[in-house]
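Right, one structure below, let's go through it.
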Amino acid sequence: MARLAWLAGLACASAGAARAQVPEQVVDIPTRPGVTQRFLYLAPAAPKAAVVLYAGGHGGLRIFPNGSMGWGAGNFVVRTRQDFAAAGLAVAVVDAPSDRLSPPYLNGFRQGAEHAADARAVIAWVREHAKVPVWLVGTSRGTQSVAAIAIRLADGGGPDGIVLTSTILREERGRAVPQMELARLALPVLVVHHKDDGCKLCPVADTGMLMDRLTAAPRKELVVVSGGSNQGDPCEAMASHGYNGIEPQVVQSIATWITAAR
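Take the sequence shown: its letters are residues -20 to -1, 1 to 242, numbered as in mature numbering (1 follows the signal peptide of the UniProt record, and there is no 0).
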């Protein structure tokens, strides 16, 4: 059974305190023939687990060789990468692959076999370098990537668990996450959602339907959070949809759940 939990919505007093930043490196690895996959990689000493992060929107971060980005730096899972590292996790922030570096980037690509092949290579690289379980974490449209990848790699080469934040629960094109073959996911699944998410594709009322369809997950939980600051477009990163103002608590909740599954 899924358990409904609530996080306090108060800003963490130490969130703005100075903290040593974990060094980041830009990594390019071959995936499909003639294709490479770029990601930012950062890892604390002796990580407890690893997370591969998939941003929402079109997903084309355009990571430059110096680690800066052409787009998406404010996306929830991108802007919190140092928080994930501070929580003891190795982190890979995934860009679009080399054959998708112009519009529409990952749009129309997230649920396909080629995206899963790219992810398999990233998971293998992170698993080899970090020597810990590897989880996929997606936010908004990134949840379509994470769920589709885990389903396609269910027979081998896939993650040890997945985290879906601000899940796409309804869709105007393609398939929303609840319409995928979720019964194939025989791995731990954490679902995080803001109770005031105003994005029309992500109504919190539909999260129960999502949880009900995770029939093979050996461990699953729904965490509904509250608080923070709701600004701008309800489907963008500075709204409740992106956990604006409560990022440290949300990341710590995810990290605690992941490491408890070891």
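Glycine included, each C-beta is placed from N, C-alpha and C at the ideal position. Since this is a predicted model, take the numbers as computed values, not measurements.
- request: Tell me whether Arg150 sits in a helix, a strand or coil according to DSSP, three-state version.
  value: DSSP places Arg150 in coil when its eight states are reduced to three.
- request: Would you decide whether Glu108 is buried or exposed? Buried here means 16 or more other CB atoms lie within 10 Å of its CB.
  value: Counting Cβ neighbours within 10 Å, Glu108 comes out exposed, since fewer than 16 surround it.
message: Does the structure place the segment 113 to 127 close enough to the segment 56 to 67 that three or more beta carbon pairs sit under 8 Å?
response: Touching, yes, given that three or more Cβ pairs across the two stretches are closer than 8 Å.
- request: Would you kindly check if the distance between the Cβ of Ile131 and the Cβ of Leu165 is under 8 Å?
  value: Cβ atoms of Leu165 and Ile131: closer than 8 Å.
task: Give me whichever residues DSSP pairs with Lys200 in a beta bridge.
output: According to DSSP, Lys200 bridges with Val169.
- request: Select from Ala66, Val2, Thr16 the residue whose C-alpha is nearest the C-alpha of Ala76.
  value: For Ala76, the nearest C-alpha among the options comes from Thr16.
- prompt: Using the rule of at least 16 other Cβ atoms within 10 Å of the residue's Cβ for burial, across every protein chain shown, is Ile9 buried or exposed?
  reply: Per the 10 Å Cβ criterion, exposed.
task: Have a look at Arg153, Leu69, Leu190, Asp98 and flag the residue whose alpha-carbon is nearest the alpha-carbon of Ala110.
output: The candidate whose alpha carbon is nearest that of Ala110 is Leu69.
task: Spell out a yes or no on whether the segment 205 to 213 and the segment 183 to 193 are touching, meaning 3 or more CB-CB pairs, one atom from each, closer than 8 Å.
output: With the cut-off at 8 Å, the segment 205 to 213 and the segment 183 to 193 do not touch.
field: Whether Trp105 touches Ala29 by CB criterion (8 Å)
entry: Contact check for Trp105 against Ala29 fails: the beta carbons are separated by 8 Å or more.
message: Is it buried or exposed, Gln5, if we count other Cβ atoms within 10 angstroms and call 16 or more buried?
response: That one is exposed.
At least three beta-carbon pairs within less than 8 Å, the segment 72 to 89 to the segment 12 to 26: Touching, per the Cβ criterion.
message: What does DSSP give as the partner residue(s) for Leu41 in the beta ladder?
response: According to DSSP, Leu41 bridges with nothing at all.
task: Give the straight-line distance between the Cα atoms of Leu133 and Ser220, rounded to the nearest whole angstrom.
output: Going by the C-alpha atoms only, they are around 31 Å apart.
task: Assuming Leu149 contacts Ala197 (C-beta within less than 8 Å), just tell me the rounded distance between them.
output: The Cβ separation is near 17 Å, so there is no contact.
message: Please classify Pro84 as buried or exposed, where buried requires at least 16 other C-beta atoms within 10 Å of its C-beta.
response: Its Cβ having fewer than 16 others within 10 Å, Pro84 is exposed.
query: What is the rounded straight-line gap between the Cα of Gly222 and the Cα of Ser146?
result: Cα to Cα, Gly222 sits roughly 8 Å from Ser146.
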